[in-house]
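Per the UniProt record's numbering, the sequence shown starts with residue 1, numbered consecutively. Even for Gly, the Cβ is constructed at its ideal location relative to N, Cα and C.
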Amino acid sequence: MLPVEMLIQVFSHLDMRSLAAASRVCHRFLSAVLRGCVWRGRTLSWDDEGLAAGRSVNTLLTILRLAPCLDAVNLRHVPAALGGQGSPLLCGRLRDIRSLRVSDHELCTDNIARVLRRFGGTLQHLDLKLKMYYMTERMVLELWESVNQMRRLRSLRLAGYLPCRLTYTFPERALPDQTLIALDLHDFETDHAVTMLSLIMAHSSTIAKLTMPDSLSEDEVRRALDTLRVAEDVDMTVGGHIAHLNGLPIKRLTLRHKDEACSARFLEHVNECSALAGVQELTVCWSDGDLRDAVLSSLARHCGDLRVLRLRNMCDDKAPALIHTVREFSQIRELDLNKFYPMDVQFVDEIAVGALPALTRMYLRDILIGVPHADASACDASPCYEHHFDRLSAHRRDLSYVFHDFPQCWHRRSTISQTLSCYCAVCLDFYGYMMAHYNGGQLPGVWT
Numbered sequence: 001m002l003p004v005e006m007l008i009q010v011f012s013h014l015d016m017r018s019l020a021a022a023s024r025v026c027h028r029f030l031s032a033v034l035r036g037c038v039w040r041g042r043t044l045s046w047d048d049e050g051l052a053a054g055r056s057v058n059t060l061l062t063i064l065r066l067a068p069c070l071d072a073v074n075l076r077h078v079p080a081a082l083g084g085q086g087s088p089l090l091c092g093r094l095r096d097i098r099s100l101r102v103s104d105h106e107l108c109t110d111n112i113a114r115v116l117r118r119f120g121g122t123l124q125h126l127d128l129k130l131k132m133y134y135m136t137e138r139m140v141l142e143l144w145e146s147v148n149q150m151r152r153l154r155s156l157r158l159a160g161y162l163p164c165r166l167t168y169t170f171p172e173r174a175l176p177d178q179t180l181i182a183l184d185l186h187d188f189e190t191d192h193a194v195t196m197l198s199l200i201m202a203h204s205s206t207i208a209k210l211t212m213p214d215s216l217s218e219d220e221v222r223r224a225l226d227t228l229r230v231a232e233d234v235d236m237t238v239g240g241h242i243a244h245l246n247g248l249p250i251k252r253l254t255l256r257h258k259d260e261a262c263s264a265r266f267l268e269h270v271n272e273c274s275a276l277a278g279v280q281e282l283t284v285c286w287s288d289g290d291l292r293d294a295v296l297s298s299l300a301r302h303c304g305d306l307r308v309l310r311l312r313n314m315c316d317d318k319a320p321a322l323i324h325t326v327r328e329f330s331q332i333r334e335l336d337l338n339k340f341y342p343m344d345v346q347f348v349d350e351i352a353v354g355a356l357p358a359l360t361r362m363y364l365r366d367i368l369i370g371v372p373h374a375d376a377s378a379c380d381a382s383p384c385y386e387h388h389f390d391r392l393s394a395h396r397r398d399l400s401y402v403f404h405d406f407p408q409c410w411h412r413r414s415t416i417s418q419t420l421s422c423y424c425a426v427c428l429d430f431y432g433y434m435m436a437h438y439n440g441g442q443l444p445g446v447w448t
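Below is the structure:
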């Protein structure tokens with residue numbers, strides 16, 4: 001018969017579902033399973049696909065009753081048994097969680113404040129998606145007070161909507177050992193702007209990474225920036241508040257397009273922003289607007305130490321002009337393109353022949369370039385998706401391409417004018433993927 005110490009060593013290599021089953025074998029197995037070292041470092045996740053994947057609700061509840069500690073708990077659309085007053089989250093042995101991510105109406109509405117109070121002594125990372133239409137003022141007040149009392153909190157993300165417009169002011173003096181480093185409020189509703197600003201001000205001396213919502217006015221963003229002391233990573237909208245970054249050790253900056261008026265005010269004040277000279281990583285998210293290229297050009301002039309450029313949601317018909325604008329960032333070493341439609345062939349060709357001489361890595365995420373052709377012999381003159389990069393790699397052997405999220409839409413399908421008949425290996429892989437993912441399996445007529 002194996003001693004408990006050896007059982008613990010064996011059980012530490014089992015998954016949590018197997019641990020739940022082992023706990024029902026005998027008392028010796030249960031005693032070993034209940035040891036904290038068996039559970040330390042594990043992540044428990046549940047979403048609306050849990051049942052579809054064959055995972056039992058009873059197994060989930062058993063794990064929460066058995067585990068004394070978990071590294072992370074991620075809950076999305078949890079079963080009703082987990083949201084009630086007798087939830088294992090509140091009544092089980094679990095006391096130690098380092099990271100908690102919750103996106104569930106019932107659990108958030110009824111018990112989220114109690115959950116945070118229970119684990120507030122150990123939680124370091126909290127991510128709440130709050131769409132709680134039935135929360136009373138008392139529940140909202142308890143929620144904010146629970147967040148304020150979390151002693152070890154390091155990162156906080158709040159998203160969603162709180163119907164109650166109760167204003168809560170976080171005290172200026174945080175708990176002695178509380179060091180909030182990262183705060184993400186991007187998707188939080190504007191009704192609680194005063195509460196959000198007080199949260200930022202309460203931790204202004206420790207916040208190193210801040211993401212602000214689009215709903216804040218330029219004046220509110222200015223007030224938030226003026227309180228920060230050590231922020232190195234700021235994510236905010238484009239606007240006239242850009243000069244209020246001065247005095248901060250900014251290394252990473254994300255700018256999101258809001259409207260043309262804000263972009264015009266940005267151009268008026270960008271020359272006053274000396275903090276841009278120290279930015280090493282720049283992300284620009286832009287969906288539409290005539291001032292995009294002007295904003296990018298101004299950033300290219302002021303971000304002299306820039307090494308990484310990320311462009312997001314550049315989905316319009318102004319790609320040719322964007323080519324010349326991106327070439328102004330001649331010092332960058334990494335270029336990351338995400339949701340870039342249409343990516344003109346000329347853009348990549350110019351990069352390949354040295355338009356960005358310092359570039360060593362190019363990330364391509366959910367982009368579309370070129371068009372699959374009808375004749376394999378046309379590859380050299382008009383290469384399709386992957387043929388482009390095979391050819392370009394021969395020109396720039398020092399430039400590596402990293403692909404993420406192969407395009408799942410056929411953005412330029414209107415350019416196909418004939419039935420596709422190229423059967424080379426690359427094109428067959430491309431067609432196979434598109435046939436499996438394009439428009440729910442409904443293919444354009446030219447593909448049949």
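Taking buried to mean at least 16 other C-beta atoms within 10 Å of its own C-beta, is Pro213 buried or exposed?
-> buried
Where Pro407 falls, given that 16 or more other Cβ within 10 Å makes a residue buried | Note on Pro407: pLDDT 41, under 50, position unreliable in the model; no value is reported.
If we call anything under 8 angstroms between Cβ atoms a contact, is Leu306 one with Arg327?
-> no
Contacts around residue 530, its chain only, beta-carbon distance under 7 angstroms, and the 5 residues preceding and following it disregarded = There is simply no residue 530 to check, as the chain begins at 1 and stops at 448 in what is shown.
Phe119 by DSSP, collapsed to three states: which one?
-> helix
What does a CB cutoff of less than 8 angstroms around Ala53 pick up in its chain, not counting 5 residues either side in sequence?
-> Reliability fails at Ala53, whose pLDDT of 48 lies under 50, so the model's placement of it is uncertain and the value that follows must be treated cautiously. Nothing meets the Cβ criterion.
Determine the direct distance from the alpha carbon of Val234 to that of Lys209, and round the result to whole angstroms.
-> Between Lys209 and Val234, the C-alpha separation is close to 6 angstroms.
Counting only the same chain and skipping the five closest in sequence on each side, list residues whose C-beta sits under 6 angstroms from that of Leu51.
-> Note that Leu51 has pLDDT 48, beneath the 50 cutoff, so the model's placement of it is unreliable and the number below is only indicative. Correct list: empty, nothing qualifies.
Nearest CA to the CA of Arg252: which residue from Thr237, Gly278, Arg301 and Ser263?
-> Gly278
Range covered by the alpha helix (DSSP H) that runs through Gly92 = Gly92: not part of any alpha helix (DSSP H); DSSP gives it neither H nor E.
When DSSP labels each residue in this structure, what does Ser103 get in the three-state scheme?
-> Strand.
CB of His192 within 8 angstroms of CB of Ser155, strictly = no
My guess is that Asn246 and Cys285 are in contact by the Cβ rule of under 8 angstroms, so how many angstroms apart are they, rounded?
-> Their Cβ separation, rounded to whole angstroms, is 23 angstroms, which puts Asn246 and Cys285 out of contact at 8 angstroms.
Exposed or buried, Ser103, counting other C-beta atoms within 10 Å across all chains shown (16 or more means buried)?
-> buried
Decide yes or no for the touch test of the stretch 65-75 against the stretch 95-102: beta carbon pairs closer than 8 angstroms, at least 3 of them.
-> yes
Who are the near neighbours of Thr237 in its chain, counting only those whose CB is closer than 6 angstroms to its CB and skipping five residues on each side?
-> Asp214, Arg256 and Lys258
Leu443 in three-state terms, based on DSSP = With a pLDDT of 47 at Leu443, under the threshold of 50, the modelled position of this residue cannot be trusted; read the value that follows with caution. Coil.
Closest residue to Ile63 among Arg223, Arg17, Met6 and His27 (Cα-Cα distance) | Arg17
What's the gap between the Cα of Thr136 and the Cα of Leu322?
-> A straight line joining the alpha-carbon of Thr136 with that of Leu322 spans about 49 angstroms.
Start-to-end residues for the beta strand (DSSP E) that takes in Thr211 = Lys209 to Thr211
Within 10 angstroms of the Cβ of Val140, are there 16 or more other Cβ atoms? Answer buried if so, exposed if not.
-> buried
Run through DSSP, which three-state label would Thr237 get?
-> DSSP places Thr237 within a strand segment (E or B) once states are collapsed to three.
Residue range of the beta strand (DSSP E) that Ala182 falls in?
-> Ala182 to Asp184
Whole-angstrom Cβ separation of Glu220 and Leu183, contact assumed at under 8 angstroms?
-> Going by Cβ atoms, the distance from Glu220 to Leu183 rounds to 15 angstroms, so no, they are not a contact pair.
From Glu334, Ser217 and Leu248, residue whose alpha carbon lies closest to that of Leu228 | Answer by Cα proximity: Leu248.
How about Ser287 and Asn313: are their beta carbons less than 8 angstroms apart?
-> yes
Of the choices Phe266, Thr122 and Leu225, whose alpha-carbon is the least far from that of Leu291?
-> Of the listed residues, the one whose Cα sits closest to Leu291 is Phe266.
Contact check, Leu311 vs Leu337, beta carbons under 8 angstroms = yes
Test item: CB-CB of Arg28 and Leu14 under 8 angstroms | no
Whose C-beta lies closer than 6 angstroms to the C-beta of Arg76 among residues of the same chain, with five residues either side of it excluded?
-> Asp47 and Ser103
Residues of its chain near Arg333, where Cβ-Cβ distance is below 8 angstroms and the 5 sequence neighbours each way are ignored = Contacts found: Arg307, Val308, Ala358, Leu359, Thr360 and Arg361.
Segment limits, alpha helix (DSSP H) that includes Cys262 = Glu260 to His269
With a 10 Å radius around its C-beta and 16 neighbouring C-beta atoms as the bar for buried, classify Ala261 as buried or exposed.
-> exposed
Count the other CB atoms within 10 Å of the CB of His324; is the residue buried (16 or more) or exposed (fewer)?
-> exposed
Helix or strand or just coil, what does DSSP make of Arg327?
-> coil
Spatial distance of Thr167 from Leu276 (CA atoms) = 34 angstroms
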